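Peer 1:
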Amino acid sequence: TLTENSSGEPTCVSSVTNVRYPNQHSIDITPPQGYSISSILVDNIALEKEAFDPTGHTIDFGVVTQDHIVVATFSRIKYTITYHKNGGQEETGKENPTTIYITDEARDLNPVLKTNNIFVGWYDNSLFNGSIIKQIPANPNGNLNYYAKFVEQSTLERTANYGYQIFPNFDYDFAGIKVVEENGLLH
Numbered sequence: 478t479l480t481e482n483s484s485g486e487p488t489c490v491s492s493v494t495n496v497r498y499p500n501q502h503s504i505d506i507t508p509p510q511g512y513s514i515s516s517i518l519v520d521n522i523a524l525e526k527e528a529f530d531p532t533g534h535t536i537d538f539g540v541v542t543q544d545h546i547v548v549a550t551f552s553r554i555k556y557t558i559t560y561h562k563n564g565g566q567e568e569t570g571k572e573n574p575t576t577i578y579i580t581d582e583a584r585d586l587n588p589v590l591k592t593n594n595i596f597v598g599w600y601d602n603s604l605f606n607g608s609i610i611k612q613i614p615a616n617p618n619g620n621l622n623y624y625a626k627f628v629e630q631s632t633l634e635r636t637a638n639y640g641y642q643i644f645p646n647f648d649y650d651f652a653g654i655k656v657v658e659e660n661g662l663l664h
């Protein structure tokens, strides 16, 4: 059963009630893909979070001499997204999400604004190594950090005028102004 908890996050609840006895019996609890175990109740007694693995858990009843009720609650795996804006500000109504669930689809990253600067792009490291990141990936596997890179507007204008290459394969549409690197020149 898919329900929603008090904080508005979806949870999946499943229960097992009838176990044959006097056989030995155990129950494997495996969360659906994209979920983790958030709580387990055995006969209305909660297991401590430290007592079970959120990726899967087995309850061993030994020789069963009575009925047991097991309720496991699963929550979608959620990660935090941190934006290092380097003095930039998000445009109202175009804020980037600060959390993402492992089951979410990829989504575009919005640029940030900084006075007298042109937004170059988001990077996954503070040294701005590698490629510009344009999307939050689908099915992330951990918390994400993005770093905003800017170039002063006057530097960009000088570079475009003198024909120096500063961003290989640069192609960005920002506030309706498309800036493209082509053959070593910014256009």
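Numbering (our numbering), first residue to last: 478 to 664.
Glycine included, every Cβ here is placed at the ideal spot set by N, Cα and C.
A quick note: this is a predicted structure, and the numbers were derived from the prediction, not measured.
1) Among the residues of its own chain, which have a CB less than 7 Å from the CB of P617, if the five just before and after it don't count?
2) Assuming K562 is part of the beta strand (DSSP E), what are its boundary residues?
3) Beta-carbon separation of T575 and I595 under 8 Å?
4) Compare the C-alpha of T600 against each of Y560, I536, R584, L590 and name the closest.
5) Between the Cα of E568 and those of G607, T592, V548, spot the shortest distance and give me the residue it belongs to.
6) For a cutoff of 8 Å on Cβ pairs, would you count N606 as touching chain B?
7) Let's see if you can read the secondary structure: which residues bound the beta strand (DSSP E) around K626?
8) Using 8 Å for Cβ pairs, my map puts V628 next to V597. What's the rounded Cβ distance?
Peer 2: Taking the coordinates as given:
1) Y556, I577, I579
2) Where K562 is concerned, there is no enclosing beta strand (DSSP E), given that its DSSP letter is neither H nor E.
3) no
4) For the record, residue 600 in the displayed sequence is Tyr; it is not Thr. The option with the nearest alpha carbon to Y600 is Y560.
5) T592
6) In the displayed structure, chain B is absent; only one protein chain is listed.
7) 621-629
8) 6 Å
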